[in-house]
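Heads up: the sequence shown runs through residues 1 to 208, numbered per the numbering used here.
Here the structure is laid out as structure tokens; the discussion comes afterwards.
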Amino acid sequence: GTAFVAGTANLETRNDTKPNPAWPADQDVDAHFLSAAGKWSREWNRDWDGCQSLAEDKQVVNKIRHVLLIRHGQYQLDGKQHGLTPLGVDQSQLTGARLAAMTAGIKKDHYGEYKVKFTHIVSSNVLRAQQTADHIAAALPHVPRLEDDALLAEGYPCVPHPGDREGLLSRLKPEVLQKEAARIEAAFRRHITRRVAGPAPGGEAKQG
Numbered sequence: 001g002t003a004f005v006a007g008t009a010n011l012e013t014r015n016d017t018k019p020n021p022a023w024p025a026d027q028d029v030d031a032h033f034l035s036a037a038g039k040w041s042r043e044w045n046r047d048w049d050g051c052q053s054l055a056e057d058k059q060v061v062n063k064i065r066h067v068l069l070i071r072h073g074q075y076q077l078d079g080k081q082h083g084l085t086p087l088g089v090d091q092s093q094l095t096g097a098r099l100a101a102m103t104a105g106i107k108k109d110h111y112g113e114y115k116v117k118f119t120h121i122v123s124s125n126v127l128r129a130q131q132t133a134d135h136i137a138a139a140l141p142h143v144p145r146l147e148d149d150a151l152l153a154e155g156y157p158c159v160p161h162p163g164d165r166e167g168l169l170s171r172l173k174p175e176v177l178q179k180e181a182a183r184i185e186a187a188f189r190r191h192i193t194r195r196v197a198g199p200a201p202g203g204e205a206k207q208g
């Protein structure tokens, strides 16, 4: 982006600048960098983060997993607990009803027919998130509610940009940001999962 534009401006303003024969051709550079971004596909790229370097990790799993990330409802700003407001309760109940409706019957889209089935519900240990999950779980009585996970609590995985970078850094110490980033990364790896190398007992691919 910026570095490339600056380089282009430099070539336009300096008449004595000539291409170096040792430099790769522009089309070769474009091909190299654009090849890193594959064409869009509905199929899930299991090596989306480039961690599957071993051949045994590249086994094909014919299963698509969808993870729904749901923000808690409106909550009280007073006190320390910050539980849901009446509006937040309504929001959570409506969300549960919507998810329950998604599981009813066979759906059909451009790609064919499919059935929505939720495998489990998990929440952080923050009260407003717990309460939101409780209302959603009440609308989905057959979906297991897993133990709350403190790793899912809100935080800063990085310094947001654009935004008030200086203000944030004045309020949070660098070591706090480092801990938050590590915790959120751990939550991501736990719940937004990849297949464990090798088949599970019984020959089925194991999700971990």
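Where a beta carbon is used, it is the ideal one built from N, C-alpha and C, also for glycine.
- Item | For TYR114: DSSP bridge partner residues | LYS107
- Close-in-space but distant-in-sequence residues of the same chain around GLY96 (CB under 8 Å, 5 per side omitted): HIS135, ILE136, ALA137, ALA138, ALA139, LEU140
- Message: On the criterion of 16 or more Cβ atoms from any shown chain inside 10 Å, does ALA104 qualify as buried, or is it exposed?
- Response: exposed
- Do the segment 122-131 and the segment 70-83 touch if we need at least three Cβ pairs shorter than 8 Å? yes
- Item | Which of helix, strand or coil DSSP assigns to LEU84 | strand
- How is the alpha helix (DSSP H) around ARG128 delimited, first residue to last? 127-139
- Query: When the Cα atoms are used, what is the spatial distance from GLY79 to CYS158?
  - Reply: 28 Å
- Compute the minimum distance between the beta carbon of ALA181 and the heavy atoms of the ligand COA, and state whether it is under 7 Å. The ligand content of the structure shown is nil, which means the ligand COA is not present either.
- Message: Can you list, in chain order, the residues of its chain with a C-beta nearer than 7 Å to that of ARG183? Leave out the 5 residues immediately preceding and following it.
- Response: LEU151, GLY155
- Task: Just the C-alpha distance for PRO86 and GLU185, rounded to the nearest angstrom, thanks.
- Result: 33 Å
- Taking the CB atoms as reference points, tell me whether LYS117 and ILE106 lie closer together than 8 Å. no
- Query: Is the beta carbon of ASP149 less than 8 Å from the beta carbon of ALA187?
  - Reply: yes
- Between the CA atoms of TYR111 and GLN76 - distance to the nearest angstrom: 43 Å
- Item | ARG145 in three-state terms, based on DSSP | strand
- Is it the case that the Cβ atoms of LEU168 and GLN131 are separated by a distance below 8 Å? no
- Item | Neighbourhood of GLU226 by C-beta distance below 6 Å, restricted to the same chain and skipping five residues each side | There is simply no residue 226 to check, as the chain begins at 1 and stops at 208 in what is shown.
- Which of the three DSSP states, helix, strand or coil, is assigned to ILE121? strand
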